[in-house]
Every structure is written in structure tokens, then in C-alpha cells.
Amino acid sequence: MNTTTERHPVDEKLPIMKLFALGMQHVLVMYAGAIAVPLIVGGALNLPKYAIAFLISADLFCCGLVTIIQSLGIWKFGIRMPVMMGVTFAAVGPMVAMAGNPDLGILHIYGAVIAGGIFCIAVAPFMSQLMRFFPPVVTGTVITVIGISLMGVGINWAAGGQPIIGKVVNGVFTKIPNPDYGSPENLGVALVVLISILLITKYMKGFIANISVLMGMIIGFLIALAMGKISFVGIENADWFAMVRPFYYGWPQFDLGSIVSMCLVMIVTMIESTGMFIALGDIVGIKVDNKTLARGLRVDGLGTVIGGIFNTFPYTSFSQNVGLVGVTGVRSRYVCVAAGCILVAFGLFPKMAHIAASIPQFVLGGAGTVMFGMVAATGIKILAKVDFHHNRNNLFIVAVSIGAGMIPIVAPSFFGQMPAYLSTILHSGILLASAMAVLLNLFFNGQGNQQDIHANALASAQSSDH
2 MNTTTERHPV DEKLPIMKLF ALGMQHVLVM YAGAIAVPLI VGGALNLPKY
52 AIAFLISADL FCCGLVTIIQ SLGIWKFGIR MPVMMGVTFA AVGPMVAMAG
102 NPDLGILHIY GAVIAGGIFC IAVAPFMSQL MRFFPPVVTG TVITVIGISL
152 MGVGINWAAG GQPIIGKVVN GVFTKIPNPD YGSPENLGVA LVVLISILLI
202 TKYMKGFIAN ISVLMGMIIG FLIALAMGKI SFVGIENADW FAMVRPFYYG
252 WPQFDLGSIV SMCLVMIVTM IESTGMFIAL GDIVGIKVDN KTLARGLRVD
302 GLGTVIGGIF NTFPYTSFSQ NVGLVGVTGV RSRYVCVAAG CILVAFGLFP
352 KMAHIAASIP QFVLGGAGTV MFGMVAATGI KILAKVDFHH NRNNLFIVAV
402 SIGAGMIPIV APSFFGQMPA YLSTILHSGI LLASAMAVLL NLFFNGQGNQ
452 QDIHANALAS AQSSDH
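Just so we're aligned: 332 in our numbering is position 331 of the sequence shown, and the numbers increase by one with no gaps anywhere.
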């Protein structure tokens with residue numbers, strides 16, 4: 002009698018060369034998004050190239066480590082499905098705001114990241130109850146404001162960085178105008194990158210279309226290299242191999258406003274991840290119940306804690322890779338385990354990270370315009386599912402919340418006379434929009450009900466670019 006049980010495709014162990022090829026495909030699909038956040042935050046902090054290269058190495062290392070935990074599963078952590086983990090764009094706005102606050106620094110960012118990760122682990126089992134406070138009208142509004150907030154970063158990138166830069170003159174740190182800001186060469190290369198991404202997206206299919214952002218950045222990089230706009234100074238000093246050291250910049254510091262902001266980001270991240278996990282479960286044929294969901298969300302939190310320890314940022318599931326699972330039909334979680342191993346290896350080779358850190362900001366600008374615009378567009382896509390016709394109150398929720406979120410963007414000194422300890426909260430458009438949307442939704446629509454939760458999660462899965 003045959004006593005063997007048929008193995009589910011998710012648990013299928015493929016030949017090692019096939020695992021490597023399919024894993025590398027997942028890495029390429031998410032690579033541009035994976036290195037984007039360290040480049041943004043490192044630029045906002047005015048870090049030198051070697052420090053940004055270190056952030057990229059740390060990020061790739063943690064991407065791989067957290068991906069392995071999520072896909073393979075350890076104890077009560079890991080959804081045990083093919084999931085790639087990367088830094089969430091939802092955290093970029095608050096982190097850039099912290100970087101721009103003269104009273105805060107990178108250690109406060111890491112303190113907020115670690116606290117946010119612990120918060121995420123603690124609330125993961127209760128997420129099904131919390132989701133009633135975050136229906137599509139709230140999550141769609143918040144994600145739209147995140148995208149709008151980030152667009153300024155992408156636009157400045159395309160022009161060549163920040164209009165005002167810090168420079169040491171005669172031993173004194175001085176802020177001066179950026180002489181290269183808005184030059185025709187910068188704008189031209191950024192435009193070529195943008196057009197390349199659009200052409201690849203329109204005319205190419207399958208895998209190449211999935212890595213259109215990465216391809217556009219490569220094209221822009223080669224053009225900038227030919228123009229003599231790229232410097233590899235320092236790459237000879239970078240090690241071929243180096244371990245990623247925890248607490249590289251020192252022990253984290255904790256600021257209450259920053260922590261509250263990051264905890265709200267983690268709630269939005271968990272809403273997105275919940276939708277992603279439910280959608281992935283449908284693709285691979287596994288029912289995502291509350292226990293499975295809690296295991297997956299705990300890794301969002303654990304990965305974020307690991308990120309704070311190893312000098313990087315909050316982690317979440319990358320939905321473009323969920324889409325890749327549907328495109329390829331390969332459901333084995335061991336493909337993503339292999340991809341995680343590849344990312345860990347990439348993080349241990351500093352010279353590779355140094356090359357990535359050499360990408361000029363105007364090259365990133367063309368890609369950033371697409372990536373950040375897609376964040377806003379996916380928020381709008383979620384809002385398209387909201388009933389504005391029969392429930393006009395939803396219009397007020399969106400209108401007032403976006404208005405509140407725009408305050409720090411269009412009027413940075415609006416809250417200039419408020420107490421200093423409130424600066425982190427009041428200068429985060431994402432935090433203001435989130436709080437306003439939640440409160441107004443409670444005021445107009447109440448808490449919702451259990452029947453809405455599954456539908457809300459699936460709607461949140463539409464936020465498909467991090």
C-alpha cells in the first residue's frame with residue numbers, strides 16, 4: 002500500500018540549478034526597489050558614498066535573511082510561501098522627515114525602526130481586528146499621500162540632488178546652492194531613463210517587462226558613464242568581502258514622535274501585507290487563515306527589528322514578486338529561499354554595493370518618477386474601489402486627509418511655532434494624513450464589521466509597488 006502523501010507545489014524542492022535561475026529572476030525583479038530606499042535615505046542624510054554603499058550592503062544582506070525566514074519558516078515566524086522581502090517605501094517619507102530634522106539623526110531612525118518592528122510583532126496576532134479601522138478609504142488615502150510625498154524626492158533626483166547642499170568651506174560646514182542642480186545634462190539623462198522604462202513596459206513582455214525599472218537605470222548608468230558623470234573613486238578601497246556589522250553607527254536612540262510615526266507606517270505595511278498574503282494564497286492554492294497570517298506578519302516585524310540592528314530599514318513583502326509567481330506558475334517557496342541566499346551573498350560583497358552607490362541621482366530621478374508615481378497611483382487605484390456615490394462622506398475623508406498630509410509638503414514652516422517635541426509628528430505628512438483618515442472614517446462610518454475585513458484586505462492588495 003502506498004503510504005506517501007502528495008507534496009504541495011509550495012513545498013516542492015527543485016534541482017539546485019533551476020532553483021538558482023528562478024531565484025536570480027526574483028532577485029532581479031526586486032533589486033531596483035531593494036536598493037532605492039538606502040539611496041534615498043542616505044542622500045537625505047547627506048552621507049558620503051562609502052556610507053551609502055554600506056547601507057546598500059546591509060539592506061541586501063537583510064533582504065536575503067528576512068526572505069529566508071519568511072519563505073522557509075522558523076517556529077512562529079514565516080508564512081512558508083514564496084515571498085520576497087524588501088524595504089517598504091511606506092517608511093521613506095517619515096525617515097526622510099527625520100533626516101531633515103536637525104535634532105534627529107540616523108540613530109533616531111534606527112531607534113524608531115526597532116520600536117516599530119517590536120510593535121508589529123506584538124500586534125500581528127490581532128491584525129484581523131485592527132483592519133476594521135483601515136478600510137480602503139483610509140489605506141488608499143494614506144498610500145496616495147505617501148506617493149505624493151515621495152514625488153518631491155524623485156523630482157529633485159532628476160535635477161541632480163538637492164538645490165541646497167552642505168559643504169565644508171575652510172573647515173566650516175556651510176549650505177550653498179548646488180551648481181549642478183537642474184542642468185540640461187541631468188534632466189536629459191533622467192528623461193531618457195523615464196522614456197526607456199515606458200518603452201520597455203509597452204513593447205517588451207514577461208520577465209524583461211518586469212524589470213523595466215532596472216533596465217532603465219542600467220541604460221541611464223551607461224549614458225552617464227559615457228558622459229564622464231560617474232566616479233568610481235573609493236571602489237579600490239572597498240573590500241571584496243565583509244560581514245555586515247550590527248549597530249555600525251552606534252546604539253539606537255529613541256524619539257517618541259518618530260516611534261509613533263513608524264508604528265503607524267507598520268500598521269499600513271501590515272494592511273498591505275495582509276492583502277498580499279491573501280492574494281498569494283489564491284495563486285498558490287493555500288488558504289491564508291488567521292494563524293498563517295499572523296506568522297507572515299510577525300516576519301514583517303522581526304525583519305524590521307533585524308533591519309534596525311543591522312543598519313537598515315523596515316521590511317515587508319514585495320508584491321511585484323507575488324505577481325512573478327503568478328506569471329511563471331512556479332509555486333515552490335524554495336525558489337525564494339534560494340533568492341534569499343543570493344541576496345545575502347550580494348550583501349557580503351562591498352564592491353558591488355559601491356558600484357550601486359555610484360549611480361548618479363539624476364539617473365535615479367527617471368526611475369524614481371515612475372516608482373514614486375506608482376505608489377500614488379496604486380493609492381488612487383484602491384480609492385477607485387471606494388463607494389463615493391452612495392456615501393458622500395467618503396469624499397470628505399479623502400479631501401481633508403490629503404489636505405492635512407500636504408501641509409508639511411507645501412508649507413514646511415506651517416507648524417514652526419508649535420512645541421519642539423511635536424515637530425516629528427507635525428512635520429510628517431504621512432502621519433497627519435493617517436491620523437486624519439482614521440479619525441474621520443470613525444466619525445463618518447464607524448468601526449465597520451467583520452464581513453468587511455476580508456474585502457478590505459483584498460482591496461489593500463492593490464497597493465502593488467513598494
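Ideal Cβ positions, reconstructed from N, Cα and C, are used throughout, including at glycine.
| Asked | Found |
| --- | --- |
| Inter-residue Cα distance where the pair is MET205 and GLY341 | 27 angstroms |
| Paired residues, beta bridge with THR293 - DSSP | Partner(s): none; THR293 has no beta bridge. |
| Those runs of the alpha helix (DSSP H) which lie wholly inside the segment 86-147 and span at least 4 residues | 93-101, 107-124, 128-131 |
| Beta bridge counterpart(s) of TYR316 as assigned by DSSP | VAL88 |
| VAL88 beta carbon less than 7 angstroms from that of PHE314 | yes |
| Residue span of the alpha helix (DSSP H) that contains TYR51, given as start and end | 50-73 |
| 7 angstroms CB neighbourhood of THR5 in its chain, flanking five on each side removed | Bear in mind that the predicted position of THR5 carries a pLDDT of just 47, short of 50, making it unreliable; the figure below should be weighed with that in mind. Excluding sequence neighbours, THR5 sits near nothing in its chain. |
| Nonlocal neighbours in the same chain, by C-beta distance under 7 angstroms from PHE62, ignoring five residues either side | VAL245, PHE311, VAL345, GLY348, LEU349 |
| Alpha-carbon spacing of ILE119 relative to GLY112, whole angstroms | 11 angstroms |
| When GLY34, VAL124, ILE110 are compared against LEU298, the one with the closest alpha-carbon | VAL124 |
| Extent of the continuous alpha helix (DSSP H) run through PHE363 | 362-384 |
| Boundaries (first-last residue) of the alpha helix (DSSP H) holding LYS203 | 185-204 |
| DSSP beta-bridge partners of PHE78 | ILE75 |
| Touching by the beta-carbon criterion (3+ pairs, under 8 angstroms), the segment 132-144 and the segment 285-298 | no |
| Member of GLY94, MET85, PRO16 whose CA lies at the smallest distance from the CA of GLY35 | For clarity, residue 35 is Ala in the given sequence; the question names Gly instead. It is MET85. |
| Nearest neighbour of LEU294, chosen from ASN395, PRO126, PHE90 [CA to CA] | PRO126 |
| Which of helix, strand or coil DSSP assigns to PRO1 | With the chain running from 2 to 467 in the structure shown, residue 1 is simply not present. |
| Distance between LYS203 and TYR316 (C-alpha atoms, nearest Å) | 30 angstroms |
| Chain-order list of residues whose beta-carbon lies under 8 angstroms from that of ALA400 (same chain, five-residue window excluded) | none |
| VAL169, DSSP secondary structure in three states | Residue placement at VAL169 cannot be trusted, given a pLDDT of 49 that sits under 50; the coordinates are not used to answer. |
| Rounded C-alpha distance that separates VAL194 from GLY406 | 29 angstroms |
| Among GLY79, ALA436, TYR51, nearest to CYS337 - alpha-carbon criterion | GLY79 |
| Distance CB(LEU23)-CB(VAL331) smaller than 7 angstroms | yes |
| Sequence-distant residues of its chain with Cβ nearer than 6 angstroms to ASN446 (five each side left out) | none |
| Host alpha helix (DSSP H) of MET216 (start-end) | 213-227 |
| Cβ-based burial, ILE177 [other Cβ within 10 Å; buried from 16] | exposed |
| The segment 351-368 in contact with the segment 144-152 per 3-pair CB rule at 8 angstroms | no |
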